[in-house]
Amino acid sequence: MKRHLLNIYRLGVKELWSLARDPMMVFLIGWTFTVAIYVAATTVPETLHRAPVAIVDEDQSALSARIVSAFYPPRFNPPALLALPEVDPAMDEGRYTFILDIPPNFQRDVLAGRAPRIQLNVDATRMSQAFTGSASIQQIVMGEVNEFAQRYRENSVLPVDLALRARFNPALEQSWFGGLMEVVNNITLLSMILTGAALIREREHGTVEHLLVMPVTPTEIMFAKVWACALVVILAATVSLNLVIRGALGVPIEGSLLLFLAGTTLHLFATTSMGIFLATLARSMPQFSLLLMLIVMPLQILSGSMTPRESMPEGVQALMTLAPTTHFTELSQAILYRGAGLDTVWSPFVYLFLIGCVLFTVSLFRFRRAITRMT
Amino acid sequence: MKDGPPPVLRLTEVSLRYGAVVALDGITLGVPAGRMVGLIGPDGVGKSSLLALASGARVIQQGEVETLGGNMAHRSHREAVCPRIAYMPQGLGRNLYPTLSVEENLQFFARLFGHATAERRRRIDSLTWSTGLLPFLDRPVGKLSGGMKQKLGLCCALIHDPDLLILDEPTTGVDPLARAQFWELIARIRADRPGMSVIVATAYMDEAQRFDWLVAMDEGRVLATGHPDELMALTATRTLEAAFIALLPEAKRRQHQPVDIPPLAGGDEDDVAIEARGLTMRFGDFTAVDRASFRIRRGEIFGFLGSNGCGKSTTMKMLTGLLPASEGEAWLFGQPVDPRDMATRRRVGYMSQSFSLYGELTVRQNLVLHARLFHVPEAQVAARVDEMVARFGLAEVLDVLPEKLPLGIRQRLSLAVAMVHKPELLILDEPTSGVDPIARDNFWRLMIELARRDRVTIFISTHFMNEAERCDRMSMMHAGRVLDSDRPAALVARRGKATLEEAFIDYLREAEGAREERAPAPHAVAGAGPAGAKPEGAGIRIRESLGRIYSYFWREGLELQRDPVRATLALVGSLVLLFVMGFGISMDVENLRFAVLDRDQTVLSRAYGLNLAGSRYFTERPPLADYGELDRRMRSGELSLVLEIPPGFARDVARGAPVQIGAWIDGAMPQRAETVKGYVQGMHQQWLLEQARARGMVVSSGLARIETRFRYNPDVRSLPAMVPAVIPLLLLMLPAMLTALAVVREKELGSIINLYVTPVTRSEFLLGKQLPYVLLALLNFLLMCLVAVSIFGVPMTGSFPALGVAAVLFCVIATGMGLLASTVTRSQTAAMFLAAIGTMIPAVQFAGLLNPVSSLDGTGRLFGELYPASHMLLISRGVFSKALGFADLQGAFWPLALAVPVILGAAILLLDKQER
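Just so you know, the sequences run in chain order Z and R.
Counting in my numbering, the first sequence runs from 121 upward without gaps.
Counting in my numbering, the second sequence runs from 11 upward without gaps.
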């Protein structure tokens, strides 16, 4: 037993050396956990950022002028003024997401209490802006109209108020979400690349064959790769959470970092095994990358780290409970954003552990069979 | 030389460097025409570089190269003589396509040289007949033996009747019978075409002995030229190998000591280190090793002689336990070979064919790692490493990475590593291939010392006759079978031959048996057809050019069909991703889980909660009892929204006193939170109105009303919005990556040489390769549209022909971007990476996928306006959702049409027609 552990330890140290002397990989690790995180967090635009808006002002009154001037950056581009016939072609060409049509005699009708209608055209093919944008435009327009009208008449106050508060991210800043989820996604991606590439490199250099004639078992070889790659990813993630997320981006982390790292370790057990599995299927680095892309993209997109899981079809949701990323995303969101403790997130831990065991066993089986044929 | 015909090749002060390494150092040389000329010298002395310059495959850096009477630096001359030169690069079948059959390879080359169908048939039949390949026309090249590959390479080279045949190490690693047949073939062809000059590079001195004229090279310089007899006379030696060593500079020669083999002490005949009986290995229906049996005594040097691919390595792998034998048994030190037996492994050292140590670990780290993995006691590791370092002369390179060492030293390191745990048996798989004669002899002296002094049993494989001669005993192996085993001298005597080579050939002939008989010639022999003089004219040139494009197109298509991973990815990859993105990138928010903390518990407060529960956006969860529960259930992510209704809610509402309902939204996912906020506010307003109406209050309709028209997608659903945007994204990314691989694969595998030395132009090459991918991408496009309309139910409201035309343009652009990425990269991984980065990021960030281009500022905006994907996105959305046609979308078509020549032009310009 001691001999096995020693072998695993030494082979793992060898992996670390190999990695340290591979400038491409070191750069990739550094990049994905620093610059890429920062960029991903800061360039995820706020839902409304310079939304293109145009106004058809058929009223040409003081009120309509007020409305036109109420749209300004950063949320909106300064509105373009269009004539009525230009509306349809402009919408068709996709130049504006929103076109507001202020009818003739709008100011007069407002003051007369005739409740005139303003038409808001929304290009609903642009989902991300359409929904929140139209709500925001309504608010702005109504605000201007109210304020304008208040000078002339008193308005009644609603008796029941709704106090809306957002927990965990009071200002609803996109960068908090974008940054942390990028870390979570990069943990998955990098752990698979590292283990897969480590195996494929050994095969391409013929060193696997060399290891196999030594008193070393395939299980030891695989364990060594798993622990070495997992260690590197965990270190990189820790550094990234502290320096980039907390430091450069100033995102507060609610929960326990240790608990998150414990969850990460379980997750890495599963993903590194998957990396090995894919590497045994692929014959070369390019094939491995193609396979990786086909596997990782669904794992990430459907895990709930980009859009809420509950809005996906039920079949997809059920299928994705088998994927480690789903549970990892769940526990990361709970721990990092909502400060949840083990008492609330024990179930994703159990899932991850089970999935990890299955993946490791399957990969080990496949690795043992494939490794002799790799040379 | 002076009075003969003008030289076929003349070099004047030619130098060539790869980075800091000098490959050729000021060579001046004239090679006589119409002869059989040999370049001799070990690997890495510049032979291949010289030949590549001569054939025009490589760019001339310095000096002047004249081939067939013209300067190879001039493009016009290269184009003119290219059809008269045939170049067969180093490495067996490196310019051939392994997944294609013999016939398909020949057809490809014949098409490149513009032969018509009937002419192609005639040439292929006559060439394959004369090389004996005719029965194997349907066999994939990857499954041919080394000798057959090399014959096919020759057929491909001869398909256009060249005047100059350049062969770079054509026989390395091929068995001596196949070699002999190969030279017979060359002699026959020369007899048919007496004017043809042949230049051959070779590492086999015995082969070079038969050439007309030799150039001996070392370290990028010419040592001497002349007839083999002249060289031997010059140095007063009897063999060419000795002559070559004598020609080397003094400093090198001094390192050389002749190998002296003390006889094997007469030991115990029954002290056996290795015994194999009926060892068999099958891979599918292919038998790699067929009932091999042999015995190796302890302390013996036992050689395995055979060509590449005859089963030597496989046999060795079975003995080490790397491969489980299909049949038969083997014993190491009297123990049956068992892959799980760790104890036996510690008694064996293994050195594989290729250098296979960790390039990222230093020499010392490699030694220490291996010592530890073999469980040398920790206290002895340092001493053991020192011992190895001293014995194998590695002291000066201890902290160097092996990759930076010359081959000879790496070989010593490999041996040191294999010896670090003091094994009793060394298994060495072709340890000396590629090493120069001096280093090889030094290596042998080390081995002999190990065998005689330390009584280590050495089992070595080789394809060099003179190495096999040094073994105590040897086996001859061919096509998986051990032909005979004995002392080398005894084998020679048994066949009554003078040399081991002749004896081996004799054995081989016997093994090959009656296979030598040939079918009658189908047509006239090669070379008889009219060559060179072809009709000229613009029409003919265009037809020839189209022929070459078709040739590449056809070949690429065949290759793609036979690569399951790439083909699958090309066909289903985009569909899988379309499904994933269609379902996954959903901005819809549905079934949000909420719960109520109702501290009022009246009819009115419950009605407020029901108001929400009735909507399709929200799903109610069991109510909350207190703040503790609220906190816990929100933290676990179960609840996205919690409503808190204060005590006395109903009473206060009835009284008209101000009341506040609390709503907590989970802000972890900001986008979702924004949507929830909007929904809750809307619901609340509606509830207020209803309450007011129910109480008979006069409802003020407000000052103004905003009528929102969600156009093109009235239900504001994600799928109809996302799918038309995802299709262009996928149509860009995957075709670009696959096409990028297509060109770089040829660079990596070596078949790019066909671009360098055949008449195909850069644009023909690129267009031919691009075409299959464009067609695949279009097929993908149609499938994606079908899925979008039928499975996702996204209606296509506009003109499909408009979308189709745009898709054709866009597929050409996407594959063009892949070509562009492949022209500037050297490895497949780099090409894929560049293609992925270069398409994905701009398409997602700048092309208006999520936020319209007009929302961007600065360079992002400019980039978005120029990037073709932005325009394709507009067209796709326009046709799918906005019911538009050609006329409405003109503005987006022009930029697409313009991008085609720009991108293809850039790719063609950046591709090299010669190697740099």
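Just so you know, even glycine gets a beta-carbon here, dropped at the ideal spot from N, CA and C.
Please state whether the Cβ-Cβ distance between residue i and residue j is less than 7 Å.
i: His473 (chain R); j: Ser317 (chain R); result: yes
i: Leu187 (chain R); j: Ala218 (chain R); result: no
i: Gly326 (chain Z); j: Ser443 (chain R); result: no
i: Ile157 (chain Z); j: Ser360 (chain Z); result: yes
i: Ser773 (chain R); j: Ser596 (chain R); result: no
i: Ile199 (chain R); j: Gly313 (chain R); result: no
i: Leu40 (chain R); j: Arg68 (chain R); result: This sequence places Gly at residue 40 (chain R); Leu is not what is there. No.
i: Gly874 (chain R); j: Ser880 (chain R); result: yes
i: Leu106 (chain R); j: Leu568 (chain R); result: no
i: Gly299 (chain Z); j: Ile365 (chain Z); result: yes
i: Thr481 (chain Z); j: Gly395 (chain Z); result: no
Give the DSSP bridge partners of residue i, in chain order.
i: Tyr360 (chain R); result: R:Ile437
i: Leu49 (chain R); result: R:Ala211 and R:Val225
i: Val282 (chain R); result: R:Arg307
i: Phe312 (chain R); result: R:Phe469 and R:Arg483
i: Asn81 (chain R); result: R:Glu76
i: Val280 (chain Z); result: R:Val669
i: His488 (chain R); result: R:Arg491
i: Leu653 (chain R); result: R:Val606 and R:Ala673
i: Asp86 (chain Z); result: Any question about residue 86 (chain Z) goes unanswered here, given that chain Z covers just 121 to 495.
i: Phe296 (chain R); result: R:Phe293
i: Phe628 (chain R); result: R:Leu602
Taking the alpha-carbon of residue i as reference, which of the options has the nearest alpha-carbon?
i: Thr325 (chain R); options: R:Ala489, R:Asp216 and R:Ala897; result: R:Ala489
i: Phe453 (chain R); options: R:Ile801, R:Arg480 and R:Ala879; result: R:Arg480
i: Arg642 (chain R); options: Z:Leu386, Z:His124 and Z:Arg287; result: Z:Arg287
i: Ile307 (chain Z); options: Z:Gln453, Z:Arg271 and Z:Phe448; result: Z:Phe448
i: Leu579 (chain R); options: R:Leu493, R:Met743 and R:Val395; result: R:Met743
i: Met432 (chain Z); options: R:Pro632, R:Gly848, R:Phe589 and R:Asp922; result: R:Phe589
i: Met413 (chain Z); options: R:Gly874, R:Gly901, R:Leu740 and R:Phe856; result: R:Leu740
i: Val789 (chain R); options: R:Ala817, R:Leu26, R:Tyr766 and R:Ala812; result: Checking the displayed sequence, the identity of residue 789 (chain R) turns out to be Leu instead of Val. Checking every option, the nearest Cα to that of Leu789 (chain R) belongs to R:Ala817.
i: Met247 (chain Z); options: R:Val358, R:Glu337, R:Ile458 and R:Thr685; result: R:Thr685
i: Thr771 (chain R); options: R:Val112, R:Arg551 and R:Asp867; result: R:Arg551
i: Arg4 (chain R); options: Z:Glu430, Z:Pro406, Z:Arg488 and Z:Met121; result: As displayed, chain R neither begins before 11 nor continues past 926, which places residue 4 (chain R) out of reach and without an answer.
i: Gly385 (chain R); options: R:Met352, R:Glu370 and R:Asp228; result: Rather than Gly, the amino acid found at residue 385 (chain R) in this sequence is His. The residue with the shortest Cα to Cα distance from His385 (chain R) is R:Met352.
i: Ala381 (chain R); options: R:His266, R:Asp228 and R:Ala428; result: R:Ala428
i: Ser302 (chain Z); options: Z:Arg323, Z:Ala160, Z:Leu386 and Z:Pro418; result: In the sequence as displayed, the identity of residue 302 (chain Z) is Glu instead of Ser. The shortest Cα separation from Glu302 (chain Z) among Z:Arg323, Z:Ala160, Z:Leu386 and Z:Pro418 belongs to Z:Ala160.
i: Ile491 (chain Z); options: Z:Val173, Z:Glu340, Z:Val328 and Z:Leu125; result: Z:Val328
i: Thr467 (chain R); options: R:Leu408, R:Leu342, R:Phe514 and R:Arg491; result: R:Leu342
i: Thr162 (chain Z); options: R:Phe890, R:Gln855 and R:Leu899; result: R:Gln855
i: Arg609 (chain R); options: R:Gly403, R:Gly619, R:Glu600 and R:Ile134; result: R:Gly619
Run through the segment 316 to 394 of chain R for me and flag every whole beta strand (DSSP E) of 3 or more residues, listed as ranges in chain order.
-> Runs of the beta strand (DSSP E) inside the segment 316 to 394 of chain R: 337 to 342 and 358 to 361.
Taking three-plus beta-carbon pairs below 8 Å as touching, is the segment 20 to 37 of chain R in contact with the segment 138 to 152 of chain R?
-> Touching, no.
Which residue spans inside the segment 705 to 743 of chain R form an unbroken alpha helix (DSSP H) run of at least 4?
-> Here no run is fully enclosed.
Does the segment 583 to 592 of chain R touch the segment 619 to 626 of chain R, meaning 3 or more C-beta pairs lie closer than 8 Å?
-> Flag = no, the segment 619 to 626 of chain R and the segment 583 to 592 of chain R do not touch.
Per the contact definition of three or more C-beta pairs closer than 8 Å, is the segment 823 to 838 of chain R in contact with the segment 745 to 754 of chain R?
-> The segment 745 to 754 of chain R is in contact with the segment 823 to 838 of chain R.
Any chance the segment 551 to 568 of chain R sits against the segment 771 to 790 of chain R, with 3 or more Cβ pairs inside 8 Å?
-> Yes: at least three Cβ pairs fall under 8 Å.
Do the segment 327 to 344 of chain R and the segment 282 to 301 of chain R make contact, defined as three or more Cβ pairs closer than 8 Å?
-> As far as the Cβ criterion goes, the segment 327 to 344 of chain R touches the segment 282 to 301 of chain R, which means the pair count is three or higher.
How about the segment 390 to 404 of chain Z and the segment 469 to 484 of chain Z: do they share at least three Cβ pairs that are nearer than 8 Å?
-> The answer is yes - the segment 469 to 484 of chain Z touches the segment 390 to 404 of chain Z, with three or more Cβ pairs under 8 Å.
Please go through the segment 579 to 603 of chain R and give each complete alpha helix (DSSP H) segment of 4 or more residues, from N-terminal end onward.
-> Within the segment 579 to 603 of chain R, the complete alpha helix (DSSP H) runs of at least 4 residues are 584 to 594.
Inside the segment 134 to 168 of chain R only - alpha helix (DSSP H) runs reaching at least 4 residues | Segments of the alpha helix (DSSP H) lying fully in the segment 134 to 168 of chain R: 156 to 168.
Are there three or more Cβ pairs, one per stretch, closer than 8 Å when the segment 330 to 340 of chain Z is compared with the segment 188 to 196 of chain Z?
-> The segment 330 to 340 of chain Z vs the segment 188 to 196 of chain Z: no contact.
Proximal residues, the segment 714 to 740 of chain R versus chain B, C-beta separation under 9 Å | The displayed structure is made up of protein chains Z and R, and chain B is not among them.
Touch check for the segment 200 to 211 of chain R and the segment 175 to 184 of chain R: three-plus C-beta pairs under 8 Å?
-> Yes, they touch.
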